[in-house]
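Remarks on the structure that follows.
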Amino acid sequence: MAIYKDEEITSTEELIEVAKKCALAAKKAPKVAKTEIKTAIVAGEDIGPMADVLEILGEGSAFIRGDAALLRKTLEAGNPPVVLLIGVDASSGVGWNCGACGFPTCAEFNKFAKENIGMGTLFAGPSCAWKILDHGIATSWAAAAAWRYGVDNRVQASTGVAGYLLKYIEGCTVVFGVTMGPAGESIYYSRDIAQDVYSEQEVLEMLMRNIPTTFHGFPGDGWPKVKHRPDWFEDWRFSVITKVPEIEKKATEIREKLTKYLEEYFAKRKG
Numbered sequence: 174m175a176i177y178k179d180e181e182i183t184s185t186e187e188l189i190e191v192a193k194k195c196a197l198a199a200k201k202a203p204k205v206a207k208t209e210i211k212t213a214i215v216a217g218e219d220i221g222p223m224a225d226v227l228e229i230l231g232e233g234s235a236f237i238r239g240d241a242a243l244l245r246k247t248l249e250a251g252n253p254p255v256v257l258l259i260g261v262d263a264s265s266g267v268g269w270n271c272g273a274c275g276f277p278t279c280a281e282f283n284k285f286a287k288e289n290i291g292m293g294t295l296f297a298g299p300s301c302a303w304k305i306l307d308h309g310i311a312t313s314w315a316a317a318a319a320w321r322y323g324v325d326n327r328v329q330a331s332t333g334v335a336g337y338l339l340k341y342i343e344g345c346t347v348v349f350g351v352t353m354g355p356a357g358e359s360i361y362y363s364r365d366i367a368q369d370v371y372s373e374q375e376v377l378e379m380l381m382r383n384i385p386t387t388f389h390g391f392p393g394d395g396w397p398k399v400k401h402r403p404d405w406f407e408d409w410r411f412s413v414i415t416k417v418p419e420i421e422k423k424a425t426e427i428r429e430k431l432t433k434y435l436e437e438y439f440a441k442r443k444g
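If you want our numbering, it's the 1-based position in the sequence shown plus 173.
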């Protein structure tokens with residue numbers, strides 16, 4: 174007979190046990206193309222490097238900055254989430270010649286992918302559409318399994334790419350993270366932590382950039398005005414397609430900073 178207190182019931186070990194079951198669910202999920210699903214569970218101190226990577230990437234992405242803050246703050250509080258990484262190698266076709274990838278045959282896709290595989294904004298491509306579909310199904314099954322255990326979770330490309338870059342999971346071209354816990358209120362949707370990360374002006378600008386139609390005036394003249402402030406009609410602003418040198422420069426700086434961090438991280442692991 175024993176008495177289990179809150180901190181024992183909601184410990185990292187308990188989340189890891191749920192994550193294991195979610196990994197089994199991902200592997201058991203129905204598949205269109207018999208794609209091999211790979212999984213890895215990240216917990217404890219190994220969450221730290223993920224937060225480091227996301228903080229670097231977050232310098233160029235407001236959304237990733239919020240995910241980085243979530244990992245960092247929960248880690249500092251001694252109550253970090255557990256991340257289930259789910260990945261696939263989608264760099265080869267399945268021999269169906271369906272054309273969904275843009276190539277007439279799988280043989281042509283395979284030849285191109287072998288010679289031209291490379292990083293996109295987050296992951297490597299090109300990808301077989303059917304394997305990407307299987308990856309999505311597997312990830313959904315894992316998240317559904319966590320839900321059945323009443324464990325808060327969120328599917329994130331951000332934690333997936335962190336695990337991918339840190340080689341916590343290998344042999345994959347696309348990786349998602351199913352971030353689970355910590356116990357308590359749902360931090361992935363109530364987003365209390367975000368209040369410390371974003372100013373009111375930043376939130377407004379993020380919404381304008383990502384849901385622009387909500388902030389557009391009448392488009393009848395072909396030049397819809399952007400409602401960028403309460404008296405927007407006194408100071409007309411317009412949506413335009415243009416290059417932003419500052420953003421391009423920042424992206425280069427982030428890549429260089431991330432490369433330096435990863436080189437130092439892997440050198441330290443070897444040592």
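Every residue, glycine too, gets a C-beta built ideally from N, C-alpha and C.
Inter-residue spacing [alpha-carbon to alpha-carbon] between residue i and residue j
i: residue 340; j: residue 412; result: 40 angstroms
i: residue 308; j: residue 210; result: 7 angstroms
i: residue 374; j: residue 250; result: 28 angstroms
i: residue 396; j: residue 272; result: 38 angstroms
i: residue 265; j: residue 214; result: 26 angstroms
i: residue 217; j: residue 285; result: 40 angstroms
i: residue 415; j: residue 186; result: 50 angstroms
i: residue 236; j: residue 223; result: 15 angstroms
i: residue 274; j: residue 291; result: 16 angstroms
i: residue 190; j: residue 331; result: 23 angstroms
i: residue 240; j: residue 418; result: 26 angstroms
i: residue 408; j: residue 232; result: 30 angstroms
Residue i, DSSP secondary structure in three states
i: residue 339; result: coil
i: residue 258; result: strand
i: residue 285; result: helix
i: residue 309; result: helix
i: residue 321; result: helix
i: residue 297; result: strand
i: residue 410; result: coil
i: residue 402; result: coil
i: residue 351; result: strand
i: residue 334; result: helix
Residue j beta carbon less than 8 angstroms from that of residue i
i: residue 346; j: residue 259; result: no
i: residue 329; j: residue 294; result: no
i: residue 263; j: residue 300; result: yes
i: residue 245; j: residue 370; result: no
i: residue 254; j: residue 354; result: yes
i: residue 220; j: residue 248; result: yes
i: residue 270; j: residue 278; result: yes
Item to complete: Report yes or no: do the stretch 199-219 and the stretch 291-309 share at least 3 C-beta pairs separated by less than 8 angstroms?
Response: yes
Worksheet entry | Whole runs of the beta strand (DSSP E) within the stretch 208-277, excluding any shorter than 3 residues | 211-215, 255-261
Practice prompt. Specify whether the stretch 412-422 and the stretch 430-437 touch according to this definition: at least 3 beta carbon pairs, one from each stretch, less than 8 angstroms apart.
Written response: no
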